[in-house]
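Residue 1123 is where the sequence shown ends in this note's numbering, and the numbering goes up by one at each step. Glycine included, every Cβ here is placed at the ideal spot set by N, Cα and C. Bear in mind the structure is a predicted one, so any value in this text is a computation, not a measurement.
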Amino acid sequence: MAAYTLPNQGQPRPTLPHQLYNPQLNDNETYTVKFQEIVRDGQSTVVARMKVPTPTGHAFILRRLDTGAVSLTTMFRAAFPTAPETMEKDESGWVKANYDLSGANRAGRARFAGTWVPSDLAQILAPAYKLDQILLPLLAAEPAPNTEFRRSARTVQEQQSSPARQMPTPASSQGAESPSGPSAPKRRRAESPAPATTTTPVKPPSKKAGTNTGTPAGKPPSSAARTLRRSNRTASPAPTPIPHTVVASPRSPRSPRKKAEQAPTPAGSDATAVADDDHEAIVEGPEADMERDIAEQKELVAAFKQQREAAREWNAQIQEAAVEEKKRERDEVDAPPSFNFAETTDIVPVSERALVSNKRVLGVPIQMTPQRRSVAWGALAAAAAAAAVAYYPW
């Protein structure tokens, strides 16, 4: 039973986000428990996992079979899938400060990510997460004997990338088979994990070449290996596949991706996780950070492109407005002068022009008043009478 310590003064338990409780969980439903084998740097650990639904997909509640501990981190995520990470850290810190968690999560390479609590403590904390009924099948689950557990994609990749750790060394196999007499080379070829047939032909090595390739560089050949090489030359001139395998496997180049995957998991980190049903490893370490950074950079680039397009459209509108303004000013300045003639015929009557001349101009009748006309006729009559008297003969 886990030892309980009273909380420190002024440090009460953080408030759980009950308003963010997972609505997909059902106490009356029994969820399936599956087992999975996780191998990290040669150390194998069997984990029981329970898959529960969430509004955005699904989550796992994990339990180690070697220590019986349950992951408090997965319990919190299954109960409150949308809660912020700070609330999860506060809850984990409070549990670490008030309970003894020693032995729940192993140290070194067998250490898993997150906070792991003993099964008794998990039962005490489960009612606060509303997982007391859901957690019972996971705590009682035990694998059947001689069960071949499912392995994650990362485990299979590590085993494929480092076959030298799984195959016996040439010295041990040769030492065990050397006392068997003439049939030792044949049995050694039958039990060798290397393929007997290759696509590229290999020339029979000479004595000097066989001495150099039979043992690794910097290590003197053993007596057993020397005996086997002598028996090979006497039994058959065909080359043996073991020197080719031993020389090729240690010197095979490894990519940085494989090195990063085979690196030991630091204690207390979040780089250890369990695979999903599709055998894909869920990485929460540097690769997840790199993917998150790439996604953030893509979002920033998309936002920058949108801002650039908006600025380009704004500048285009400003330029169009300036061009229209200049065109309007040019049209107003360069407009030709125009004069609209008013129709005045209805206002001023049209008449012939009066001719004015001088009275001394001949041929122009003199206009006289009636008084002057009578005077002129009287003078003319008097002149005619005077002329008649003068010229009349008496």
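### Message
Quick check on K936: does DSSP put it in helix, strand or coil?
### Response
Residue placement at K936 cannot be trusted, given a pLDDT of 44 that sits under 50; what the coordinates show is reported in the next sentence. Helix at K936.
### Query
Taking just the CA atoms, how far does T803 sit from L860?
12 Å
### Task
List the residues that DSSP assigns as beta-bridge partners of P1099.
Partner residues in a beta bridge of P1099, as assigned by DSSP, do not exist.
### Message
So if DSSP puts F764 in a beta bridge, which residue, or which two residues, is it bridged to?
### Response
A777
### Among A839, Y760, P746, the one whose alpha carbon lies nearest that of V776
A839
### Same chain, Cβ closer than 7 Å to A1145, five either side skipped, listed in chain order
As displayed, the chain neither begins before 730 nor continues past 1123, which places residue 1145 out of reach and without an answer.
### Query
Between P810 and A842, is the Cβ-Cβ spacing less than 8 Å?
no
#### Entry: Host beta strand (DSSP E) of F789 (start-end)
Element bounds for F789: 786-793.
### Message
Please report the straight-line C-alpha distance between K1034 and N827, rounded to a whole angstrom.
### Response
51 Å
### Which residues DSSP lists as bridging W1043, in chain order
Paired residues: none, contrary to the question.
### C-alpha distance - I1011 paired with A1024, whole-angstrom precision
The pLDDT assigned to I1011 is 43, lower than 50, so where the model puts this residue is not dependable; a value taken from the coordinates is nonetheless given after this. Answer to the nearest angstrom: the Cα atoms are 17 Å apart.
### Task
Measure the beta-carbon distance from R793 to T774 and round it to whole angstroms, keeping in mind my assumption that it falls under 8 Å.
6 Å
### Task
Express the C-alpha separation of P1099 and A1112 in angstroms, rounding to a whole number.
20 Å
### Task
Mind reading off the beta-carbon distance from V762 to L867? Whole number of angstroms is fine, and I expect it under 8 Å.
6 Å
### Query
Can you give the Cα-Cα distance for D829 and E820, rounded to whole angstroms?
15 Å
### Task
Would you identify the three-state DSSP class for Y1121, choosing helix, strand or coil?
coil
### Alpha-carbon to alpha-carbon, W823 and A869
Those two C-alpha atoms are separated by around 27 Å.
### Query
In the DSSP assignment, what are the bridge partners of Q772?
R769
### Query
What do you reckon, are the CB atoms on N875 and A807 nearer than 8 Å?
Cβ atoms of N875 and A807: not closer than 8 Å.
#### Entry: Three-state class that DSSP yields for P872 in the structure shown
coil
### Query
By DSSP, does R894 sit in helix, in strand, or in coil?
Reliability of the predicted coordinates at R894 is poor, the pLDDT of 43 falling under 50, and the value obtained from them is presented with this limitation in mind. It is helical.
### Query
Is DSSP giving Y750 helix, strand or coil here?
coil
### Message
So, with DSSP's three-state summary, where would you put P741?
### Response
Correct three-state label for P741: coil.
### Query
Who are the Cβ neighbours of A855 in its own chain at under 6 Å, not counting the five residues just before and after it?
Correct list, in chain order: D861, L864.
### Query
Among residues of its own chain, excluding the 5 on either side of L754, which ones have a beta-carbon nearer than 8 Å to its beta-carbon?
V781, P782, A807, A808, K859, L860, I863
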